[in-house]
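Each remark here refers to the structure printed beneath this line.
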Amino acid sequence: IFRQEGMRSFYRGY
Amino acid sequence: MFEARLVQGALLKKILEAIKDLLTEASWDCAQGGIQLQAMDNSHVSLVSLTLRSDGFDKYRCDRNLTMGMNLASMTKIMKCCGNDEIITMKAQDEPDTVTFMFESKNGDKISEYEMKLMNLDQDHLGIPETDYACVIKMPSGEFARICRDLSQFGESMVIACSKNGIKFSTSGDIGTGNVKLAQTSSVDKEEEAVIIEMQEPVTLTFACKYLNNFAKATPLSPVVSLSLSPDVPLVVEYKIEDIGYVRYYLAPKIED
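Order-wise, the sequence lines are chains G and C.
Just so we're aligned: the first sequence equals residues 1 to 14 in our numbering.
Just so we're aligned: the second sequence equals residues 1001 to 1257 in our numbering.
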């Protein structure tokens, strides 16, 4: 079972 | 006024093929330095970053920065009207509601023009810091596409393990397991056929095959693909686009609950 992290959890928005 | 002319119009067609299945719509940010596009897929698990430098175009003019929100399915319909050997010019006014695509035959005796309505897209941009990756793999893009295609028959996710000995792609599913090992090329006649590993430390990460297969749609853009991996950060899959720029895909690794 996997959980996939969204991009926002890695890179901050600007 | 914005105008960008690309004699190799087929490049723009290939770029669109490389992003249209991942993104439904995207903003094309045009500035003096060139065109940039950054967008996440609907699930926000992957990110596409496209850069086309102005000096890679045969003619480029951008008086004011502008953002053109485009529906990529609509753009695909228009690009299908462009022959592979035709010259593409994109044109827009300052603060545009529409963009015009002009296609010229090589000898100039046929000119087609298509005007497309633009959209207001409220897209957030992500800042991606410069990262030193634990492993950077350069390999033939066709080989990468084939591995993604072959292994995705077995399971939904693929493990990429990179060490100094080589790279191992593996998957498992209901019918069984599969893996492909690639050794680093010892001597190369053609650089684009080589497998080259730059490794600081070994890395093993798991990714969804569905997205990797989508990224592989950029294969016609470049004979070489580079994969950059580090523990716990997104994989970067990069295809250089001749002398004009690159398309990069970022994909979050799967994390066990």
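The beta-carbon is built from N, C-alpha and C at its ideal position, and this holds for glycine as well.
Alpha helix (DSSP H) segment containing residue i, residue limits
i, result
"G1142 of chain C", "S1141 to L1151"
"K1077 of chain C", "L1072 to M1079"
8 Å contact criterion, which residue i and residue j should meet: CB distance rounded
i, j, result
"L1251 of chain C", "V1045 of chain C", "7 Å"
"K1091 of chain C", "E1003 of chain C", "5 Å"
"V1099 of chain C", "D1058 of chain C", "Not confirmed; about 18 Å, so no contact."
"L1121 of chain C", "S1043 of chain C", "Incorrect: roughly 17 Å between the Cβ atoms, too far for contact."
"L1229 of chain C", "V1203 of chain C", "5 Å"
"L1151 of chain C", "V1195 of chain C", "That pair is no contact at about 17 Å."
"M1199 of chain C", "K1164 of chain C", "5 Å"
"I1088 of chain C", "I1137 of chain C", "About 33 Å separates the two Cβ atoms, so there is no contact after all."
Endpoints, beta strand (DSSP E) assigned at residue i
i, result
"C1162 of chain C", "S1157 to S1163"
"A1299 of chain C", "Absent from the structure is residue 1299 of chain C, since the part of chain C shown begins at 1001 and ends at 1257."
"N1213 of chain C", "Run containing N1213 of chain C: none in the beta strand (DSSP E); it sits in the alpha helix (DSSP H), C1209 to F1215."
"K1254 of chain C", "K1254 to E1256"
"A1179 of chain C", "Note that residue 1179 of chain C is Asn in the sequence shown, not Ala. G1176 to A1183 is the extent of the beta strand (DSSP E) around N1179 of chain C."
"M1199 of chain C", "I1196 to M1199"
"K1190 of chain C", "Per DSSP, K1190 of chain C belongs to no beta strand (DSSP E) and is neither H nor E."
"R1248 of chain C", "G1245 to L1251"
"F1002 of chain C", "F1002 to L1006"
"V1236 of chain C", "L1235 to I1241"
"L1221 of chain C", "It is not in any beta strand (DSSP E) - L1221 of chain C carries neither H nor E in the DSSP assignment."
"F1154 of chain C", "Counting along the chain, F1154 of chain C falls outside any beta strand (DSSP E), and DSSP gives it neither H nor E."
"S1172 of chain C", "G1166 to G1173"
Interfacial residues, the segment 1219–1253 of chain C to chain G, with Cβ spacing under 8 Å: V1233, P1234, Y1250, A1252 and P1253
Runs of beta strand (DSSP E) wholly within the segment 1019–1062 of chain C (minimum 3 residues, chain order): 1025–1031, 1034–1040, 1046–1053 and 1059–1062
Contact between the segment 1102–1122 of chain C and the segment 1159–1176 of chain C (3+ Cβ pairs under 8 Å): no
Chain G contacts made by the segment 1120–1139 of chain C, where a contact means CB separation under 7 Å: D1124, H1125, L1126, G1127 and I1128
Ordered list of beta strand (DSSP E) runs contained in the segment 1086–1134 of chain C, each at least 3 residues: 1087–1092, 1098–1104 and 1111–1117
Chain-ordered residues of the segment 1195–1215 of chain C with a beta carbon less than 8 Å from chain G: T1206 and A1208
Any 3 or more C-beta pairs closer than 8 Å across the segment 1207–1224 of chain C and the segment 1237–1255 of chain C: yes
At least 3 beta-carbon pairs within less than 8 Å: the segment 1055–1074 of chain C vs the segment 1227–1247 of chain C: yes
Cβ-based contacts, 8 Å cut-off: residues of the segment 1037–1048 of chain C near chain G: M1040, S1043, H1044, V1045, S1046 and L1047
Segment contact flag, the segment 1152–1168 of chain C with the segment 1019–1037 of chain C, C-beta cutoff 8 Å, min 3 pairs: no
Residues in the segment 1010–1021 of chain C having any Cβ partner in chain G nearer than 8 Å: none
Any 3 or more C-beta pairs closer than 8 Å across the segment 1070–1079 of chain C and the segment 5–13 of chain G: no
Short-range partners of chain G found in the segment 1078–1092 of chain C, where Cβ spacing is below 7 Å: none
Contact set between the segment 1145–1171 of chain C and chain G, restricted to residues whose Cβ is under 8 Å from the partner: S1157
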